[in-house]
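Okay, so here's the structure we're looking at.
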Amino acid sequence: MNIVVVGTGYVGLVTGVALAHIGHQVTCVDVDEEKVERMKHGISPIYEPGIEPFMKENMEANRLFFTTDGARAYQEADVIYIAVGTPENEDGFADLTYLKQAVKDIAAAVTKDVIVVTKSTVPIGTNHEMKRMFAELAPHVRIEVVSNPEFLREGSAIHDTFHGDRIVIGADDERAAAVVADIHRPFGIPIFHTDIRSAEMIKYASNAFLATKISFINEIANICEKVGADIEQVAAGMGMDARIGSSFLRAGIGYGGSCFPKDTKALAKIAANIDHHFELLKAVIEVNNKQQRKLIEKAKERFGRLAGKRVALLGLSFKPNTDDMREAASLVVARELLAEQATVVAYDPIAMGKAAHVLPKEVIYADRVEQALERADAAMILTEWDEFRQLDLSVYVNKMKTPIIFDGRNCYALHDVARYPIEYYSIGRKPITNIK
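Per my numbering, the very first residue in the sequence shown carries number 32; after that it's consecutive.
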């Protein structure tokens with residue numbers, strides 16, 4: 032099968048590499064010439080563990096190609112996957128500018144019947160609008176549209192592609208659905224067939240539900256702090272119930288990234304647009320916005336004033352194993368600390384290059400975690416990188432001016448912290464105050 036993938040972000044690149052790996056001939060198209068040139072040399076434009084060896088292996092096997100010449104690629108394609116970005120507009124709706132441009136480019140280039148598969152997250156009804164556009168712009172060919180939403184987690188996208196829970200295929204045309212199903216069959220993952228609009232909704236509903244679990248457990252954590260319960264024991268007990276499950280019950284300072292914030296707000300807007308007030312989802316969003324400021328509240332309660340304090344921020348990306356800064360808690364925390372006239376010294380194993388473009392210019396960057404902690408009055412853990420989880424707690428004692436830790440990801444067991452002269456404030460657990 033000759034497949035073209037439009038867009039080489041997280042979804043597009045991982046999709047292209049994975050489809051090549053199971054035997055298809057795949058050409059990835061992007062308009063960025065410099066980016067394409069790097070990919071031709073096996074260099075990934077995104078930080079995603081394990082992706083570069085897959086790129087090189089499939090390029091060497093002549094199954095994976097990269098180009099800026101979309102028109103030529105579309106002419107030779109049997110199936111075209113659209114995986115361009117659909118960022119959030121100011122009004123909360125998804126911006127479909129890149130997707131509509133891809134539709135126009137495909138329509139202008141194709142000379143034979145083709146199936147277009149939408150991987151991008153799009154509002155309900157978008158695939159039908161794409162089909163209408165194709166019929167208008169390319170009446171000389173038959174272009175069927177299939178919705179195939181992605182459910183990848185950044186940082187484990189390669190694993191998720193080959194070990195996913197389901198592959199959703201939404202189509203009006205049975206033949207097109209069967210072709211897309213055959214493409215994915217080598218993955219050995221259950222395939223769920225549905226209509227197009229239901230497939231579009233499955234993506235939004237799934238992310239909104241997971242975001243709801245996160246906000247719910249964070250609210251329970253906040254109550255645990257006030258009543259003296261331990262959120263980790265509470266979450267473990269809840270998770271043993273098969274109806275609830277243990278996934279996404281880890282308390283912290285909220286969700287971020289490119290999916291949950293954007294998709295929850297977009298679904299709330301979709302609901303409002305049809306005069307349905309999705310109050311639960313509005314609460315989920317509000318809780319998350321407040322939760323990202325939780326460490327600031329704890330620090331102000333501990334110190335009174337943060338002016339003049341030197342604060343080490345450990346972790347800048349929204350989650351570990353990615354350099355994605357979209358909706359990261361560090362964006363909120365850094366701004367608020369600086370507004371309180373604190374000095375901010377930041378360290379992240381991977382994301383500092385991207386962070387420098389989006390964090391305030393006053394932020395100081397450290398080359399190592401030890402350098403970030405040097406002479407710090409407080410440390411705030413914002414991302415649960417393994418480097419921080421495995422850090423010997425004596426480093427905080429030896430490097431910091433005062434070993435006071437505000438852990439937004441509950442990286443350390445309380446009984447381990449209790450062995451050191453450290454003040455430790457986490458989420459939904461009792462504080463440890465061992466500084467004499």
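We put the beta carbon where it would ideally sit given N, CA and C, even for glycine.
By DSSP, does cysteine 59 sit in helix, in strand, or in coil?
strand
By alpha-carbon positions, which one of Asp408, Asp379, Gln372 and Glu405 ends up nearest to glutamate 393?
Gln372
Can you tell me where the alpha helix (DSSP H) holding tyrosine 41 begins and where it ends?
41 to 52
Determine the direct distance from the alpha carbon of histidine 446 to that of valine 199, and round the result to whole angstroms.
44 angstroms
How close, in whole Å, do the beta carbons of threonine 414 and aspartate 438 come, if the pair is a contact with beta carbons under 8 angstroms?
So it is not a contact: roughly 11 angstroms between Cβ atoms.
Inter-residue spacing [alpha-carbon to alpha-carbon] between tyrosine 41 and asparagine 441
28 angstroms
As assigned by DSSP and simplified to three states, the class of glycine 268
helix
Could you give the residue range of the alpha helix (DSSP H) that holds glycine 101?
101 to 107
Among Leu344, Ala386 and Ala359, the one whose alpha carbon lies nearest that of glutamate 405:
Leu344
I'd like to check one pair, valine 211 with isoleucine 174: are the Cβ atoms closer than 7 angstroms?
no
Going by beta-carbon coordinates alone, are valine 115 and valine 45 separated by less than 7 angstroms?
no
Taking leucine 241 as part of the alpha helix (DSSP H), name the residues at either end of that continuous run.
227 to 258
Isoleucine 316 classed as buried or exposed, judged by whether at least 16 other C-beta atoms fall within 10 angstroms:
buried
If contacts are defined as beta-carbon pairs under 8 angstroms, then glycine 156 and lysine 296 qualify, I think. What distance do you get, rounded to the angstrom?
In fact, because the Cβ distance is near 18 angstroms, the residues do not count as touching under 8 angstroms.
Thinking C-alpha only, which one of Cys255, Ile305 and Ala125 is nearest cysteine 290?
Ala125
Would you mind sorting phenylalanine 97 into buried or exposed? The rule is 16 or more other CB atoms within 10 Å of its CB.
buried
CA-to-CA distance, isoleucine 248 to isoleucine 284, given in whole angstroms
11 angstroms
Proximity below 7 angstroms, CB of proline 434 to CB of tyrosine 443
no
Contact check, serine 229 vs glycine 201 under 8 angstroms by CB: the rounded distance?
6 angstroms
Own chain, CB closer than 6 angstroms to cysteine 59, minus 5 neighbours either side, in chain order
Val36, Thr39, Gly47 and Phe97
Ends of the beta strand (DSSP E) at valine 147?
145 to 149
How big is the Cα-Cα spacing for glutamate 401 and alanine 409?
13 angstroms
Can you give the beta carbon distance from alanine 188 to glutamate 79, rounded, assuming they're within the 8 angstroms contact cut?
5 angstroms
Among residues of its own chain, excluding the 5 on either side of serine 457, which ones have a beta-carbon nearer than 6 angstroms to its beta-carbon?
Asp438 and Asn441
Contacting residues, own chain, Cβ-Cβ under 6 angstroms from lysine 293 (five flanking each side not counted)
Glu119
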